[in-house]
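Asks: Chains as they are written, first to last, in the working numbering: chain F, 159 to 359; chain V, 159 to 359; chain Y, 159 to 359; chain E, 159 to 359.
4 protein chains.
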Amino acid sequence: MGGMGGTDGTKQRRRGNTRQRIQDVALELFAEQGYEKTSLREIAERLDVTKAALYYHFKTKEEIIVSLFEDLTKPIEELIAWGREQPNTLETKRELLRRYGVALTEAEPLFRFMQENQATVRDLSIGMMFKNRMKGMREIVIDPDADLVDQVRCISALFTMHAGMFVFQELAGDPEDKREAVLEVAIDLITQAHGGARKSS
Amino acid sequence: MGGMGGTDGTKQRRRGNTRQRIQDVALELFAEQGYEKTSLREIAERLDVTKAALYYHFKTKEEIIVSLFEDLTKPIEELIAWGREQPNTLETKRELLRRYGVALTEAEPLFRFMQENQATVRDLSIGMMFKNRMKGMREIVIDPDADLVDQVRCISALFTMHAGMFVFQELAGDPEDKREAVLEVAIDLITQAHGGARKSS
Amino acid sequence: MGGMGGTDGTKQRRRGNTRQRIQDVALELFAEQGYEKTSLREIAERLDVTKAALYYHFKTKEEIIVSLFEDLTKPIEELIAWGREQPNTLETKRELLRRYGVALTEAEPLFRFMQENQATVRDLSIGMMFKNRMKGMREIVIDPDADLVDQVRCISALFTMHAGMFVFQELAGDPEDKREAVLEVAIDLITQAHGGARKSS
Amino acid sequence: MGGMGGTDGTKQRRRGNTRQRIQDVALELFAEQGYEKTSLREIAERLDVTKAALYYHFKTKEEIIVSLFEDLTKPIEELIAWGREQPNTLETKRELLRRYGVALTEAEPLFRFMQENQATVRDLSIGMMFKNRMKGMREIVIDPDADLVDQVRCISALFTMHAGMFVFQELAGDPEDKREAVLEVAIDLITQAHGGARKSS
DNA sequence: CATGAATGAGCTTTCATTCAT
DNA sequence: TATGAATGAAAGCTCATTCAT
Numbered sequence: 159m160g161g162m163g164g165t166d167g168t169k170q171r172r173r174g175n176t177r178q179r180i181q182d183v184a185l186e187l188f189a190e191q192g193y194e195k196t197s198l199r200e201i202a203e204r205l206d207v208t209k210a211a212l213y214y215h216f217k218t219k220e221e222i223i224v225s226l227f228e229d230l231t232k233p234i235e236e237l238i239a240w241g242r243e244q245p246n247t248l249e250t251k252r253e254l255l256r257r258y259g260v261a262l263t264e265a266e267p268l269f270r271f272m273q274e275n276q277a278t279v280r281d282l283s284i285g286m287m288f289k290n291r292m293k294g295m296r297e298i299v300i301d302p303d304a305d306l307v308d309q310v311r312c313i314s315a316l317f318t319m320h321a322g323m324f325v326f327q328e329l330a331g332d333p334e335d336k337r338e339a340v341l342e343v344a345i346d347l348i349t350q351a352h353g354g355a356r357k358s359s
Numbered sequence: 159m160g161g162m163g164g165t166d167g168t169k170q171r172r173r174g175n176t177r178q179r180i181q182d183v184a185l186e187l188f189a190e191q192g193y194e195k196t197s198l199r200e201i202a203e204r205l206d207v208t209k210a211a212l213y214y215h216f217k218t219k220e221e222i223i224v225s226l227f228e229d230l231t232k233p234i235e236e237l238i239a240w241g242r243e244q245p246n247t248l249e250t251k252r253e254l255l256r257r258y259g260v261a262l263t264e265a266e267p268l269f270r271f272m273q274e275n276q277a278t279v280r281d282l283s284i285g286m287m288f289k290n291r292m293k294g295m296r297e298i299v300i301d302p303d304a305d306l307v308d309q310v311r312c313i314s315a316l317f318t319m320h321a322g323m324f325v326f327q328e329l330a331g332d333p334e335d336k337r338e339a340v341l342e343v344a345i346d347l348i349t350q351a352h353g354g355a356r357k358s359s
Numbered sequence: 159m160g161g162m163g164g165t166d167g168t169k170q171r172r173r174g175n176t177r178q179r180i181q182d183v184a185l186e187l188f189a190e191q192g193y194e195k196t197s198l199r200e201i202a203e204r205l206d207v208t209k210a211a212l213y214y215h216f217k218t219k220e221e222i223i224v225s226l227f228e229d230l231t232k233p234i235e236e237l238i239a240w241g242r243e244q245p246n247t248l249e250t251k252r253e254l255l256r257r258y259g260v261a262l263t264e265a266e267p268l269f270r271f272m273q274e275n276q277a278t279v280r281d282l283s284i285g286m287m288f289k290n291r292m293k294g295m296r297e298i299v300i301d302p303d304a305d306l307v308d309q310v311r312c313i314s315a316l317f318t319m320h321a322g323m324f325v326f327q328e329l330a331g332d333p334e335d336k337r338e339a340v341l342e343v344a345i346d347l348i349t350q351a352h353g354g355a356r357k358s359s
Numbered sequence: 159m160g161g162m163g164g165t166d167g168t169k170q171r172r173r174g175n176t177r178q179r180i181q182d183v184a185l186e187l188f189a190e191q192g193y194e195k196t197s198l199r200e201i202a203e204r205l206d207v208t209k210a211a212l213y214y215h216f217k218t219k220e221e222i223i224v225s226l227f228e229d230l231t232k233p234i235e236e237l238i239a240w241g242r243e244q245p246n247t248l249e250t251k252r253e254l255l256r257r258y259g260v261a262l263t264e265a266e267p268l269f270r271f272m273q274e275n276q277a278t279v280r281d282l283s284i285g286m287m288f289k290n291r292m293k294g295m296r297e298i299v300i301d302p303d304a305d306l307v308d309q310v311r312c313i314s315a316l317f318t319m320h321a322g323m324f325v326f327q328e329l330a331g332d333p334e335d336k337r338e339a340v341l342e343v344a345i346d347l348i349t350q351a352h353g354g355a356r357k358s359s
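Okay, here's the thing in structure tokens:
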């Protein structure tokens, strides 16, 4: 322990990482308590800086969540771009879901936040961006000529992954196993939607 | 000049139904804007009464949402009670989902609210109640000895219904058709979980 | 001595006059320190109420000054209406100035405030109203066909009255005498503008 | 690539004139929006420097306006000094007003600012200086033994010039003509105050 | 059954200013 | 000469809640 000060109560400061630290703490609190119930005072206190310091790094409270969204959902954006370029096959869709699972896991707190604060997110500027991302995923996964039930299956697949990541946490079992199970169900759903037989379980 | 007033521009007193009207307006606003972003002032203004009047009918803001929850989820509570008494068969589960769909539809704004404000709901007193209801549903639908993937299928079925009710609203198509499609996918999922073959689409 | 309490430190309250008291104190402070340098905290403290109480009576800080303006400038509005209906004679204009002097004197603190905070007033909503009032006065007093110098004389007359009311306060002499002198100079100016000979002094 | 930089998009350093540029921008903004509504952030942004840079050149915000006042009102100070040395004749006063008009015109934005922000100016340190300058002008122009009306005429003359410069801008007409008209009215006023006949218009 | 008036705590945001580098 | 990072104080405003009437 030691090295970079702070062990003696001295305020360690001016280590260009404040912006990052704000994002980290903010995400933690947003995910835990929700966006509106997290006040800037709270964030500032936890970082041992003043509220005004936050405003040096972000113009508004909203900008904090926007920056988090932009930073953390880049992989998903890239995934959608990748998906659009692939041939429209079942295997593409399966791979998409696999990668989606990884992306969701990596930015888990953000996605849990989005899940649990949809009403809030909706009228923040990230609402639109999020909606567009979801639309992008749907467009890759759904065949618009398929019958309605199969379309629902595809959306259900996305949902299963989405919600699954977080809800299943509460249940017992090895997280890795659960993640795989969720993925399998999701893949199964799009496979069925594609007219394929489902894997015998 | 008789009847129930209001013909002359006088403030129409709708007798004893103020409590009801508060609930109606509150639910509408909660569903539309979220719980914290809906202020009592707003509710009061829309009803053309004062904030203080709300406090005659409800001790706190939270009591309003609690009363809504209690009133509107009674059917679900009863459904769970019903489910527990039935033999633990696939057909029971199918029927449970069918009835669940009806119940969700009938209290749609409340459930949309719950969906979109999970973070908020979580630390309101209804959080626990809601969680317990969900647990009740799961216990009926899931076979604890089944393999993990099948358990996930069951939860996914519940989720599909849950989210489906609201998300699919945005998509084109006859609402009734969509509701049926969602139900079919959900039933299909628990059927598979039960080891059965899926309905050929 | 007493009657209405408050002499013993008891908070005297709920005497429907709070709104009025807010206006009084606010005007006093606005006139003394300017609009932006007067904070709502200051007003509230001087009234021994909380800031929130102010917001019960006025929706915004701006609404306070607007209400003052509307209440206190009604006489001027009426004066302009009166002026428009009179025959366009020199005597009308003279009488207008006489009455204007009275009106200005009666709402003196407001007009001093307007004089000394023009930049502020300009981008409050009262800016427009004030401008329009001034335009109204000009239209009655100025003959648009007169030569430029005479037009300036008329505006100068208005200005003299306006500023005179407040600037001359600083100078020695009986206030009543000064007011009369100002009025005389103003009347003299529009008389000259009318082509008349000036009163021998 | 020579000269003073800036040809390649690099931040152009205009050598030692930053102080001057701060003054220019500050005056522009102060005149446009008022002193308190103009923040240092705004000034800095418009100059594309940081707020801290302003503090290298000026110790406080107030120092900026003080420096502007001192720099720009030197001609008026000199004018007063000149006036005091002249014989106390009508012609002196006329000439004083003529020169005053020129001085006001040359530092127009500053004087408009002073006019429109009297409340602010009053409790800045320039308040006193300004008051003293005005007193100086009055002492030259007013004959303390004249009757009150004539004294008012003199002050009115000063006011007419002062306010006239800015208010008349809004009105139609050639600026130069208006300036002359204003000057003529002002001179007329002091002429009358001196007991002289007014110029037939 | 409801209102009028008020409060206390809190919020997001802005500002002038400081100082080590 | 200037910047990057931060602060302390205060601002305007909103909210859930209370209570005498």
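Yeah, the Cβ is synthetic: ideal placement off N, Cα and C, and Gly gets one too.
Can you give me the Cβ contacts of Arg-291/F inside the same chain, cut-off strictly under 8 Å, excluding the 5 residues immediately before and after it?
Replies: Thr-231, Ile-234, Glu-235 and Ile-238
Asks: Is there at least one Cβ from chain Y nearer than 8 Å to Gly-285/E's Cβ?
Replies: no
Asks: Pick out whichever of Phe-317/E, Gly-322/E, Gly-285/E and Val-279/E has its Cα sitting closest to the Cα of Phe-188/E.
Replies: Val-279/E
Asks: Would Lys-336/E be called buried (16 or more neighbouring beta carbons within 10 Å of its own) or exposed?
Replies: buried
Asks: If you reduce the DSSP assignment to three classes, tell me which class Val-279/Y lands in.
Replies: helix
Asks: Please confirm whether Pro-267/E and Glu-334/E have their CB atoms less than 8 Å apart.
Replies: no
Asks: Taking only beta-carbon positions, decide if Ser-359/E is within less than 8 Å of chain Y.
Replies: Reliability fails at Ser-359/E, whose pLDDT of 42 lies under 50, so the model's placement of it is uncertain and no value is given.
Asks: Give the C-beta separation of Val-310/F and Gly-322/V to the nearest angstrom, bearing in mind that I take them to be a contact with Cβ-Cβ under 8 Å.
Replies: With a Cβ gap of about 7 Å, Val-310/F and Gly-322/V count as contacting.
Asks: Quick one: any contact between the stretch 296 to 303 of chain E and the stretch 295 to 309 of chain Y, if contact means 3 or more CB pairs under 8 Å?
Replies: no
Asks: Check Asp-303/V in the structure and name its three-state DSSP category.
Replies: coil
Asks: Which whole runs of the alpha helix (DSSP H) in the stretch 239 to 265 of chain V are 4 residues long or more, in chain order?
Replies: 248 to 264
Asks: Run the CB neighbour count on Asn-246/F, radius 10 Å, all protein chains shown included, and call it buried at 16 or more, exposed below.
Replies: Classification for Asn-246/F: exposed.
Asks: If you measure from the beta carbon of Lys-209/V to each beta carbon in chain F, is any gap under 8 Å?
Replies: no
Asks: Can you tell me whether DSSP reads Ala-329/V as helix, strand or coil?
Replies: What sits at residue 329/V in the sequence shown is Leu, not Ala. In the structure shown, Leu-329/V sits in coil (DSSP, three-state: anything other than H, G, I, E or B).
Asks: What are the residues in the stretch 173 to 194 of chain V lying within 9 Å of chain F by C-beta distance?
Replies: Phe-188, Ala-189, Glu-190, Gln-191, Gly-192, Tyr-193 and Glu-194
Asks: Pick helix, strand or coil for Val-207/V, following the three-state DSSP scheme.
Replies: coil
Asks: Just the C-alpha distance for Val-307/V and Ile-348/V, rounded to the nearest angstrom, thanks.
Replies: 11 Å
Asks: Decide if Tyr-214/F is buried, meaning its Cβ has at least 16 other Cβ atoms within 10 Å, or exposed.
Replies: exposed
Asks: Measuring straight from C-alpha to C-alpha, what distance separates Leu-341/E and Cys-312/E?
Replies: 13 Å
Asks: Looking at Ala-107/E: is its Cβ nearer than 8 Å to the Cβ of Gln-181/Y?
Replies: Nothing can be reported for residue 107/E: it is not among the residues displayed for chain E, which extend from 159 to 359.
Asks: At a CB distance below 8 Å, what residues from the stretch 307 to 321 of chain F approach chain V? Give them in sequence order.
Replies: Val-307, Asp-308, Gln-309, Val-310, Arg-311, Ile-313, Ser-314, Phe-317, Thr-318 and Ala-321
Asks: State yes or no: is the C-beta of Glu-194/F within less than 8 Å of the C-beta of Lys-195/V?
Replies: yes
Asks: Tell me the rounded alpha-carbon separation between Thr-263/V and Leu-329/F.
Replies: Their Cα atoms are separated by approximately 27 Å.
Asks: Once the 5 residues before and after Val-224/Y are set aside, which same chain residues still bring their CB inside 7 Å of it?
Replies: Ser-283 and Ile-284
Asks: Quick one: residues in its chain with C-beta nearer than 6 Å to the C-beta of Val-343/F, no 5 flanking neighbours on either side, listed in chain order?
Replies: Thr-318
Asks: For Val-299/Y, would you say it is in contact with chain E, using Cβ-to-Cβ distances shorter than 8 Å as the test?
Replies: Using a Cβ-Cβ cut-off of 8 Å, Val-299/Y does not count as an interface residue toward chain E, since no Cβ of chain E sits closer than that to its own.
Asks: Hey, quick one: how far does the alpha helix (DSSP H) through Thr-176/F stretch, first residue to last?
Replies: First-last of the alpha helix (DSSP H) with Thr-176/F: 176 to 191.
Asks: In the DSSP assignment, find the unbroken alpha helix (DSSP H) run with Ser-225/E in it and report its ends.
Replies: 219 to 230
Asks: Please list, in chain order, all residues of the same chain as Leu-205/F whose beta carbon is under 7 Å from its beta carbon, the five residues on each side excluded.
Replies: Arg-179, Ile-180 and Val-183
Asks: What does Gln-244/V reach in chain F if we use C-beta pairs closer than 8 Å?
Replies: Chain F residues near Gln-244/V: none, gap ~24 Å exceeds 8 Å.
Asks: Taking the beta carbon of Asp-346/Y as the centre, do at least 16 other beta carbons fall within 10 Å, making it buried, or is it exposed?
Replies: buried
Asks: Count the other CB atoms within 10 Å of the CB of Gln-273/V; is the residue buried (16 or more) or exposed (fewer)?
Replies: buried
Asks: Taking the alpha carbon of Ala-315/Y as the point to measure from, which residue in Phe-216/Y, Phe-271/Y, Lys-251/Y and Asp-332/Y has its own alpha carbon closest?
Replies: Minimum Cα-Cα distance from Ala-315/Y among the listed residues Phe-216/Y, Phe-271/Y, Lys-251/Y and Asp-332/Y corresponds to Lys-251/Y.
Asks: Excluding the five sequence neighbours on either side, which residues of its own chain have a C-beta within less than 7 Å of the C-beta of Thr-208/E, listed in chain order?
Replies: Taken in chain order, the residues that qualify are Ala-202.
Asks: Could you list which residues in chain V have their beta carbon closer than 7 Å to that of Val-343/F, in chain order?
Replies: Val-307, Val-310, Arg-311 and Ser-314
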